[in-house]
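Read the structure below first, then the notes.
Protein chains in written order, with my numbering: chain A, 27 to 360; chain B, 27 to 360.
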């Protein structure tokens with residue numbers, strides 16, 4: 027888990043072969059989520075829209091794929107010692123579930139301000155939770171102590187070839203499912219925060235469909251990856267957090283994901299909270315799936331018309347469905 | 027479409043072979059919906075619960091399966107003349123979509139009090155809608171005139187072997203998907219109104235898994251099929267309509283479905299509106315799917331504990347997801 031980007035922009039450990047290997051490791055452990063379509067949504071958008079429903083994945087987001095793949099590449103001793111993540115969100119649950127699937131211990135480091143339900147969910151999967159005070163403690167310092175004292179391995183949320191390859195299995199499945207439908211995608215849109223999902227999915231889909239138009243979608247005001255791509259170096263968001271799309275509002279883009287995304291001609295798009303809520307409503311009405319605000323960003327780019335995809339075959343990822351009831355109620359208002 | 031029950035309780039045209047034929051006709055036209063599972067839901071219920079998500083089907087319910095199968099068994103001339111349904115609900119949309127998939131005309135007869143969205147949905151699929159005044163006109167009379175004048179064929183909502191066989195493909199897929207998971211169901215629960223879905227699914231699943239425990243689930247106060255099974259003849263509900271589970275509140279049980287269900291040792295269960303709302307909330311939270319009240323009846327029987335399924339492998343059908351936002355908001359309250 028120490029490979030760094032090399033000068034030609036490739037990342038050791040992430041390529042189409044690594045994603046195929048990840049798929050073999052994950053088969054039977056994670057859900058092969060459906061690629062959904064709605065003729066009514068297609069008409070609304072003016073394109074054929076195929077939605078990879080990762081909200082139907084174990085733990086309600088794609089995160090378990092990367093975590094489990096990273097875990098299964100560890101040697102026997104490291105696996106037995108267990109894994110650590112610092113995350114109050116979908117990554118924490120993904121790591122907790124991955125550890126349970128592989129039968130190894132996990133520690134999730136979370137701020138003591140994390141919602142009770144997120145703490146409970148990690149514990150439900152059998153993980154130990156360590157709460158720290160974000161006003162006086164540094165989460166990396168807390169995690170480092172655990173790693174040292176207990177010989178555990180950190181599973182980073184995105185900046186790791188094993189994690190990126192695991193998320194790339196989403197793209198492999200999309201390619202297989204699109205072919206089963208007899209369709210060749212013109213455009214892909216992927217929700218992007220640190221870039222683990224985006225780098226994996228784009229690697230898989232560009233291998234399957236050369237000439238694909240690539241889009242990443244970020245929350246307005248939190249487009250750290252688009253700015254990183256423009257600057258050619260890792261950039262942070264101007265604000266550390268905020269807005270409804272919490273799953274996409276992490277502070278900084280990943281170095282390895284950035285190195286991968288620079289391979290492709292990637293267009294960055296941003297969507298507002300209101301557009302994300304409208305897309306959640308469209309997913310509810312037309313697809314009958316529950317999507318969280320950050321999970322709806324790519325659909326929002328398409329439904330709002332910000333992505334110009336008229337008459338195309340479009341694939342996108344609905345990356346998560348863990349949403350508070352009061353936020354969901356807002357998405358149903360019209 | 028005129029086969030009647032014969033004395034030994036079998037229905038000409040509905041058997042496992044008819045369901046396999048229906049599956050061949052429907053492949054590529056309808057969605058092979060996923061069989062979903064949630065470890066958290068399993069723990070809540072104390073059983074392994076596999077949910078066939080027919081809310082993800084085209085038109086948001088299983089109804090298109092039966093309608094399309096019935097339509098595809100018509101001869102060329104009858105198909106060209108087109109099909110008629112009287113339904114303001116999921117069956118109307120299913121017939122409209124089936125006609126579009128097969129490229130033939132459809133007329134949907136609806137009361138002029140039907141919600142605008144349901145009329146619009148049928149028209150969106152290309153069907154002609156004929157509105158009648160329920161205070162002064164009889165819907166069967168309105169439909170009969172259309173059938174006679176235009177040589178069209180009526181597609182009944184449930185009391186028809188072709189329709190029942192089409193709905194039975196839900197059961198075939200459940201059997202295949204359970205086997206892919208290496209699981210043998212102990213118990214099946216199916217939402218029941220006229221009995222088209224229940225008779226088809228039970229035929230398919232009892233063929234695949236002999237010894238299965240069979241349950242039908244109806245709204246409390248609308249248990250016409252359970253009472254029909256007890257009486258050995260078709261019974262009607264005491265009230266013509268009411269409650270949140272409108273998809274299951276039709277007035278009368280089907281004669282052919284009753285004849286099929288009498289083959290099996292079927293236990294009838296009922297659930298309340300409050301239990302259906304709680305099950306919709308569970309589907310939202312644990313499975314990330316949108317289910318309508320009537321579509322959630324079987325899940326409600328399991329979540330409420332009314333179905334005694336402890337330590338079993340349970341399969342059930344989430345049969346539809348067409349729900350008004352204000353009802354859905356109630357399901358999110360806790």
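Backbone N, C-alpha and C define an ideal beta-carbon position, used for all residues, glycine too. Bear in mind the structure is a predicted one, so any value in this text is a computation, not a measurement.
Listed in chain order, the beta strand (DSSP E) elements of length 3 or more contained wholly in the stretch 40–91 of chain B are 74–79. When DSSP assignments are scanned along the stretch 169–241 of chain A, the uninterrupted stretches of alpha helix (DSSP H) that are 4 or more residues long and fall wholly within it turn out to be 187–206 and 222–234. For residue 344(A), the enclosing beta strand (DSSP E) covers residues 339–344.
Judged by DSSP in its simplified three-state form, residue 270(B) adopts coil rather than helix or strand. Of all residues in the stretch 143–162 of chain B, those with a C-beta nearer than 9 angstroms to a C-beta of chain A are 147, 150 and 151, reading in chain order. Look at residue 295(B) here: in three-state DSSP terms it is strand. At a cut-off of 8 angstroms, the C-beta of residue 170(B) has no neighbouring C-beta in chain A. In this structure, the beta-carbon distance from residue 273(A) to residue 206(A) does not fall below 8 angstroms. In this structure, the beta-carbon distance from residue 304(B) to residue 328(B) does not fall below 8 angstroms. DSSP, reduced to helix, strand and coil, places residue 335(B) outside both helices and strands of the structure shown, so it counts as coil. For residue 354(B), at least one C-beta of chain A is nearer than 8 angstroms to its own C-beta. Distances from the CA of residue 179(A) to each of 55(A), 276(A), 61(A) and 101(A) were compared; the closest alpha carbon is that of 101(A).
Exclusion of the five residues before and after residue 126(B) leaves 151 and 152 as the residues of its chain whose Cβ lies within less than 6 angstroms of its Cβ. With its beta carbon less than 8 angstroms from one in chain A, residue 82(B) belongs to the interface. Taking 8 angstroms as the cut-off, the beta carbon of residue 196(A) is found closer than this to the beta carbon of residue 80(A). Following the DSSP letters along the chain, one finds residue 354(A) inside the alpha helix (DSSP H) bounded by residues 351–358.
Put simply, the CB of residue 89(A) is far from chain B, with every gap to its CB atoms at 8 angstroms or more. When CB distances to chain B are screened at a threshold of 9 angstroms, not a single residue of the stretch 235–248 of chain A falls below it. Residue state for residue 318(A) is assigned as coil, using DSSP reduced to three classes. Ranking 96(A), 245(A), 43(A) and 59(A) by CA distance to the CA of residue 314(B) puts 59(A) first.
Annotation: residue 65(A) to residue 129(B) spans about 15 angstroms, alpha carbon to alpha carbon.
Sixteen is the threshold: since fewer than 16 other Cβ atoms of the shown chains lie within 10 Å of the Cβ of residue 146(A), the residue is exposed.
Residue burial is scored here from C-beta neighbours: residue 139(B) has fewer than 16 other C-beta atoms within 10 angstroms and is therefore classed as exposed.
Relative to the Cα of residue 347(A), the nearest Cα in the group 321(B), 357(B), 227(B) and 316(B) belongs to 316(B). Contact annotation for residue 62(B) against chain A: 82 [CB-CB distance below 7 angstroms, chain order]. In terms of beta-carbon proximity, residue 310(A) lines the interface with chain B, with at least one pair separated by less than 8 angstroms. Counting along the chain, residue 323(A) sits inside the alpha helix (DSSP H) bounded by residues 323–329. According to the DSSP assignment, residue 128(A) belongs to the alpha helix (DSSP H) that extends over 116–128.
Below 8 angstroms, enough C-beta pairs join the stretch 83–90 of chain A and the stretch 341–359 of chain A to call them touching: three or more.
In the DSSP assignment, residue 102(B) falls within the unbroken alpha helix (DSSP H) covering 102–107. Neighbours of residue 258(B) across chain A, judged by C-beta separation under 8 angstroms, do not exist; the nearest C-beta is about 38 angstroms away. In this structure residue 243(B) is not in contact with residue 173(B), their Cβ atoms being roughly 33 angstroms apart against a cut-off of 8 angstroms. CA-to-CA, the gap between residue 275(B) and residue 298(B) works out to about 12 angstroms. Any Cβ of chain B closer than 8 angstroms to the Cβ of residue 178(A) would place that residue at the interface, and such an atom is absent. Membership of residue 284(A) in the alpha helix (DSSP H) is indicated by the continuous run 281–287. In chain order, 314 make up the part of chain A whose C-beta sits under 8 angstroms from the C-beta of residue 347(B).
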